[in-house]
Structures are given as structure tokens and as C-alpha cells.
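Right, one structure below, let's go through it.
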Amino acid sequence: MNLEYSAGEQRFREEVRAWIDEAYDAELREMMAQSKNGYLDKEGQRCWQKKLHARGWAAPDWPAEYGGPGWTPTERFLFQSEIAAAGCPRVVPMGLKMVAPVIMRFGTELQKARFLPPTLSSDIFWCQGYSEPGSGSDLSSLQMKAVRDGDHYVLNGSKIWTTHAQWADWMFCLVRTSRDGSKQAGISFLLVEMKTPGITVDPLPLLDGPMPGEQEVNQVFFEDVRVPLENLIGEEGQGWTCAKYLLEFERGGAYGPTLRYQLEKVRQIAARQPADDGGRLIDDASFRRKLLELEIQVEAVDAAELRLFSGVSSGASIGAASSMVKLAGTETLQAISELAVEAVGPQGWPFIRDTWAEVQGRAAAPRPGPDYAGALLPRYFNYRKTSIYGGSSEIQRNIIAKQVLGL
Ligand SMILES: Cc1cc2nc3c(=O)[nH]c(=O)nc-3n(C[C@H](O)[C@H](O)[C@H](O)COP(=O)(O)OP(=O)(O)OC[C@H]3O[C@@H](n4cnc5c(N)ncnc54)[C@H](O)[C@@H]3O)c2cc1C
């Protein structure tokens, strides 16, 4: 693989760095320091994404004809690496990275004109309605019914684990339009406006911080929800093809730079935390060994990702490599979040007590310990999700076993 950057590419990287220095301002940095999941709240997120949009950089992967920057694969990679290395908020993927490529590929001209511009400018937010109670890894068993009635579908059923459904203006979802033939053949891909009568969004509080308004995932109920036929993407029964196409985009990501950034934060924390012998934690032999082991893991993920990128830019298909990078990337991210919690020890604990105090309407006591300790335990809990969503680690291992090892 060729990892040499041309002079033009190096200039491009400098341009991105200079923009980040200015746009990723003190207020956004402050909010990100307390983020448990790499995102801000809805308004913070909209503010960041609009800054990217104003510069023409909200959707690095979009073709220029739809408003993307028209970058080469190398420029896209450099951009994503710089954004991750600076610890910037991630863009919410459901619109810009997930449904948009599906609309571009399978949507009508009318649907493209209606949905792509407001998605690009972050004037609408999306959520993903794939999983159902009982249908996660085995997604094709999904049951949510969509029955034709005149020029509408009528939806009944429920979606679960729907990230940011409480923010979303629209949901893209998989529904069952037929029970004939294979399970996959009866699935269709629909766009549903979240304010349609009959939709209820119920928050699912998780261990990472069940604060009011702070929930990340939800269960969404549909009772006789009427959706115009014009909101169908592709043909009726083509939903499984759309769903698989979308998953290719869901599993990508610049893990290497993100992991390096997170590990550097742990190193900085360990330089400030005391060790048992009264010295600094960073000088403790046992802690250093764990840090260095993770550093090796991060370098390995980065190298695998660069190899993947190098292959893609010379026209190779991604195949099972995206599963390998997702598996190694998410498991390393979890290990780093665990080491961060170990570094602050009991100073990370007040999170649980403060959270429940607020839920119960009591004032939280002032948090003991340094500021940087507060977000570490919520982040540790939150990152447990990364080996579940987008296809669990077991499912990724199955793909690798089948496609790479031929088992
Ligand atoms: C925080 C979070 C956010 C999410 N956001 C969304 C969202 O926005 N939209 C959405 O549609 N979904 C979302 N999901 C759902 C996610 O995609 C599913 O949780 C995931 O697909 C697993 O499905 P499940 O929870 O039903 O578990 P199951 O599929 O029931 O799996 C349970 C366990 O069995 C293992 N398992 C299952 N099948 C196999 C197999 N064939 N071989 C080996 N092991 C297997 C799994 O790995 C897992 O450990 C989210 C999940 C989480 C945790």
C-alpha cells in the first residue's frame, strides 16, 4: 500500500487543521469534554454540523452533484482523520451517512430533491427504525406491518433501540409489506415523518445516565400510522437490498485517529493521578504496561484501517475487512474507556449517585475529584453499545469466519 501524501494533499491537511482550530471553538470543546458518547446535545450538534455545512464539508462522502465536496478518497480519509484526531464531535450519522446514500441510489428525483438538501444542511434529523423487540441480529424476522390502504400504508408495531428518536424529524424504517416468499422479500424501506399521528416515543433509560432529556435510545410505537405511498424508497419488497446497502456505510469509520485521541487523554489523566506509592500513575509499571499494550492495539487498528483505505482508493471492494476493523476498533475503544476509569479510580464513582439524586429530584452533592473524572464512567458504560450496534461482535466474527476463513 502507498501511504505517501502528495504536496497538494499535505496542503489540504493543513487547510483542514486551520479550519478546525477556528471552528471547533472553546464552547464546543467544553461541551465535548463532558460528552459520554462523542456527540453534543441536539442544539450543539446542529451548531457544529451547520459550521461544517457552511464550509461545504458536512458530507465528505457525498458526490459533488448532491452538494458533497467532491474529494478524492485520500482527501476524505485525511479530513476524517483530522476531525477525529482533534476530538471534534462526530456528525450524527443517521441522515448524512446512512439514509442519504440509500436515497441517492434508490430514491426518485422527487425524493432526492425533497430530502437531500435539508439533510445536508442539518435542518432535518433522522433516526433509524430497523431493530424490533425480537428482531436485532436476525433482522429479516422483523414484524412491523405496513398494509396498503388507498394511497397510504398503515403501520402497526414497534421499533426498539431507536437512537435519538426524540430528536428526529424523520425515521427511515424497514416494514413488512408481505408474508409471501422469503422473509427478506416481504420487507420494504419507508420514510416516516415523526410527527405523524399514532407515533409514540418512549425513552429507554440506560446505565450511562438516565437523566431527563438525556436519553439516547428509545422504543417507538406505531398505532395505525398513515404514511403516504410516495414515501416508499425503491420498489415494494426491495427493502432488504436497501438495508444491506446502508449497512456498508454504517460500519465504516476512522477508528485509528479516534482511538489515538482517546488513549492520549488517558495518558494525560495518568500523568495527573497519584499512584499507590505516592508517585504519578503514569510512572507505575503495571499501569504503563496496560497503556503500552493498548498503544500497540491502536497502531494495529490504524494499520488495518490504512490498508483498507489504500485498497478502496485503488478500487478494491471492502468485503469482510470492514467487519475486522469494526470488531477491533470497537473492542479497543471499550478497553481504552476501561483503562480511563481505572486511572481515576473512586473519583469516577460519584456519577451514579449524582445521577440518581437528580432523577429523584434531590440536589446532587458537589462532585469530588477533578473535572475530567466526571464523564469517564458514563463513557465507559455508553461504549458497551459499540460491540452491539451496527452488527454485534459475534455477528462480525461470523462474517469473518465465513468470508475470510472459509469456515
Ligand atoms: C445503544 C444502542 C443503540 C442502537 N441504536 C439503534 C438504532 O438507532 N436503530 C436500530 O434499528 N437499532 C439500534 N440498535 C439495535 C442494535 O442494532 C441491536 O441491538 C443489535 O442488532 C443486536 O440485536 P439484539 O439487541 O436484538 O440482540 P440479539 O440479536 O438478540 O443478540 C443477543 C446476543 O446473541 C448474539 N447472537 C445473535 N445472533 C447470533 C449468531 N447468529 N451467532 C452468534 N451470536 C449471535 C449477539 O451477538 C448478542 O450477544 C441499537 C442498540 C444499542 C445497544
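Position 38, counted from 1, in the sequence shown is what UniProt numbering calls 38; the numbers after and before it change by one each time, with no gaps. The C-beta atom is built at its ideal place from N, Cα and C for all residues, glycine as well. Model, not experiment: these values are computed from the prediction.
Quick one: Cα of D41 to Cα of A7, how far? 38 Å
For F222 versus I187, is the C-beta spacing smaller than 8 Å? no
Closer than 7 Å: K385 CB and nearest ligand 1 heavy atom: yes
Helix or strand or just coil, what does DSSP make of L142? coil
Nearest-angstrom Cα distance between L377 and L206? 13 Å
Looking at the structure shown, is H152 part of a helix, part of a strand, or coil, going by DSSP? strand
I'd like to confirm something about G239: is its beta-carbon nearer than 7 Å to some heavy atom of ligand 1, or not? no
Output needed for D224: all residues of its chain with C-beta closer than 7 Å, excluding positions within five of it in sequence on either side, in chain order. V154, N156, G198
Pop quiz: A86 and Y24 are said to be a contact at Cβ under 8 Å. What is the actual Cβ separation, rounded to whole angstroms? 6 Å
Do N398 and ligand 1 come close, with the Cβ less than 7 Å from some heavy atom? yes
Which same chain residues, not among the five before or five after E305, have their C-beta less than 8 Å away from its C-beta? A254, Y255, G256, V325, G329
May I ask you to list the residues that DSSP assigns as paired with I233? F189
Do three or more CB pairs link the stretch 105–122 to the stretch 256–274 at distances below 8 Å? no
Tell me whether the beta-carbon of L229 lies closer than 8 Å to the beta-carbon of R267. no
What residue from D149, S392, A26, V344 has the CA that sits closest to A372's CA? In the sequence on display, residue 372 carries Tyr and not Ala. If we check each option's Cα against that of Y372, V344 comes out closest.
Straight-line CA distance for A100 to P63? 11 Å
For Q262, the first and last residue of its enclosing alpha helix (DSSP H): 255–272
Which residues bound the alpha helix (DSSP H) around L327? 321–344
Taking the CB atoms as reference points, tell me whether L327 and R397 lie closer together than 8 Å. yes
Quick one: is the Cβ of W161 within less than 7 Å of any heavy atom of ligand 1? yes
Run of the alpha helix (DSSP H) containing I400, from where it starts to where it stops: 393–403
Return yes when the Cβ of E82 is within less than 8 Å of the Cβ of E9, no when it is not. no
Counting Cβ pairs, one atom from each stretch, are 3 or more of them under 8 Å apart for the stretch 31–51 and the stretch 98–114? no
I believe R176 touches Q143 by the beta-carbon criterion, under 8 Å. Please report the beta-carbon distance rounded to the nearest angstrom. 6 Å
Only counting runs of 4 or more residues, tell me where the alpha helix (DSSP H) segments fall wholly within the stretch 47–132, in order along the chain. 73–85, 100–106, 109–120
Determine the DSSP secondary structure at E4, reduced to helix, strand or coil. coil
Using a threshold of 8 Å, state whether the C-beta atoms of L204 and V217 are closer than that. yes
E248 by DSSP, collapsed to three states: which one? helix
Could you tell me the boundaries of the beta strand (DSSP E) in which E216 lies? Segment: none, E216 is in no beta strand (DSSP E) and carries neither H nor E.
State the start and end residues of the unbroken beta strand (DSSP E) segment that holds R379. It is not in any beta strand (DSSP E) - R379 instead sits in the alpha helix (DSSP H) that spans 376–382.
Could you tell me which of R29, E30, K97, E264 sits nearest to D61, measuring between CA atoms? K97
I233 Cβ short of 7 Å to ligand 1 heavy atom set: no
Outcome for S141 when other beta-carbon atoms lying within 10 angstroms are tallied against a minimum of 16: exposed
Give me whichever residues DSSP pairs with R289 in a beta bridge. Partner(s): none; R289 has no beta bridge.
Starting from the Cα of I336, find the closest Cα among A113, A33, R260, S322 and give me that residue. R260
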